[in-house]
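Have a look at the structure below, then the notes.
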Amino acid sequence: MLDSQTIVTNHGAVRYTDTGGSGFPVLLIHGSSFSRRVFERQFDSELARRWRLIALDLPGHGDSGNAAQPGSTYTITGFADCLEAFAEQLNLKRLAVFGWSLGGHVAIEWMSRSTRIRGLMLSGAPPISRGIIGMLRAFHPSFDLLLTTKQTFTERDAARFSALCFGAAEPAPFTDLILRTDGLVRSTFGQSMVRGDGADQRRTIEASDVPVAFVDGADDPFVRLGYLSGLHVPEPFGDGPTVLAGVGHAPFWTRPDAFNRLLDQFLETVAAGAASAWQAHVRRVTARARA
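Printed below as a string of structure tokens:
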């Protein structure tokens, strides 16, 4: 990946990679126990030449620092607050967001409280209603799902979690990232989701006035795909969520060519809509100034 930089937020030091340039910006947000490295196949593609790609390591992950106050930072609202502070420092007034797994849930919460996000694509992150019942409707209950909330990981746990997310590749990818992650992220974030912290995600998505797209794997071990089909969300790519065959929890990694094409199409839609909205805003401001 490209050279990276660090900024300091009220939730700690955050490491990020930014291609720069004049393309419409898109922030890529990783899942629990991983880092911005999972998006290597997006940075090493035509996407990086057409758009401004930005990816960060959330606090407690990758090259970012662990949180000084994990009980508040490692929650859905804490991570969303960190993203808002990050966007403010980078002066990102308008951007698209791709959120994967935990990153998707945090992105929904961020969108509920910010006007910066002009389009949201999600993978492995069904927008849930508050509480345990909402989670059970959106996720397959299983012992494997409990790994997402386990604080201390053995090397065997890390290999299993990697296989669940990226398939049974040998050697298991990104186990070093899993073992590096502050284990309090998993336990604290899991509690935050069960409590129903933040906005009602389903209502947020169904009431959104910006484009929202779902791109999921047909073999995702965690997500109930039928739940996504029941959402009342106009899809940019058709009548329902896009489901990629032969893909599990991480379509951007397993089938990068197909995923990158979809993300490129989505960004075309978002950039066109954002440009129109921005031009309308400029016209309104100019009219008021002349009045």
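Here the UniProt record's numbering is used: position 283 in the sequence shown is 283, and no number is missing along the way.
All C-beta atoms, glycine included, are put in the ideal place defined by N, C-alpha and C.
This structure is a prediction, so every number in the text was calculated from the model and none was measured.
Exercise for the section: Drop a sphere of 10 angstroms on the beta-carbon of L136, count the other beta-carbons inside from all chains shown, and report buried for 16 or more, exposed for fewer. Expected result: exposed
Check your understanding: When we look at the beta-carbon of L146 and count the other beta-carbons within 10 Å, is it buried (16 or more) or exposed?
Key -> exposed
- Mind checking which residues open and close the alpha helix (DSSP H) that includes A37? Checking the sequence, you will find Arg at residue 37 rather than Ala. Run containing R37: none; DSSP gives neither H nor E here.
* Asked: In angstroms, rounded to a whole number, what distance separates the CA positions of A125 and H30?
  -> 11 Å
Practice prompt. Quickly, what does DSSP pair L122 with across the bridge? List them, please.
Written response: According to DSSP, which records beta bridges pairwise, L122 is partnered with G99 and F214.
Cβ pair count under 8 Å reaching 3, the region 192-203 against the region 93-110
yes
Using a Cβ-Cβ cut-off of 6 Å (strictly less than) and excluding sequence neighbours within five positions of G240, which residues of its own chain qualify? Within the same chain, and ignoring the five residues on either side of G240 in sequence, the residues whose Cβ sits closer than 6 Å to its Cβ are S229.
#### Entry: alpha helix (DSSP H) runs contained entirely in the region 126-154, provided each spans 4 or more residues
As far as the region 126-154 is concerned, its whole alpha helix (DSSP H) runs of at least 4 residues are 131-138 and 143-146.
* Asked: Buried or exposed: which applies to L2, given that a residue is buried once 16 or more other Cβ atoms fall within 10 Å of its Cβ?
  -> exposed
Name the residue from A138, F161 and D264 whose alpha carbon lies nearest to the alpha carbon of D144. F161
Q. Near K93, what residues of its chain come up, given a Cβ to Cβ distance below 7 Å and the 5 sequence neighbours on each side ignored?
A. R116
Discussion item. According to DSSP, simplified to helix, strand and coil, what is F74?
Written reply: Per the sequence presented here, residue 74 reads as Tyr, with Phe not at that position. Coil at Y74, not helix or strand.
Look up residue 327 in the DSSP assignment and give the residues it is bridged to.
The question about residue 327 has no answer, for the chain in this structure spans 1 to 291.
What's the C-alpha gap between R118 and P141? CA-to-CA, the gap between R118 and P141 works out to about 33 Å.
Can you grab the Cα-Cα spacing for the pair C82 / A13, in whole Å? 10 Å
Quick check: A213 and F139, are their CB atoms within less than 8 Å of each other? At the C-beta level, A213 and F139 stay beyond 8 Å of one another.
* Asked: Can you tell which of G273, R15 and W253 has its C-alpha closest to the C-alpha of P173?
  -> W253
Discussion item. Could you tell me which whole alpha helix (DSSP H) segments of length 4 or greater appear in the region 170-217?
Written reply: 175-180, 183-195 and 201-206
| task | Quick one: measure Cβ to Cβ for G273 and P211, integer angstroms, because I've assumed they're closer than 8 Å. | result | At roughly 7 Å, the Cβ-Cβ gap stays under 8 Å, so G273 and P211 are in contact.
**Prompt:** Roughly how many whole angstroms lie between the Cα atoms of N66 and V185?
**Reply:** 9 Å
* Expected contact under 8 Å - CB spacing of S129 and D200 to nearest Å -> 6 Å
At what residues does the alpha helix (DSSP H) containing P25 begin and finish?
-> Segment P25 to I29 is the beta strand (DSSP E) holding P25; no alpha helix (DSSP H) there.
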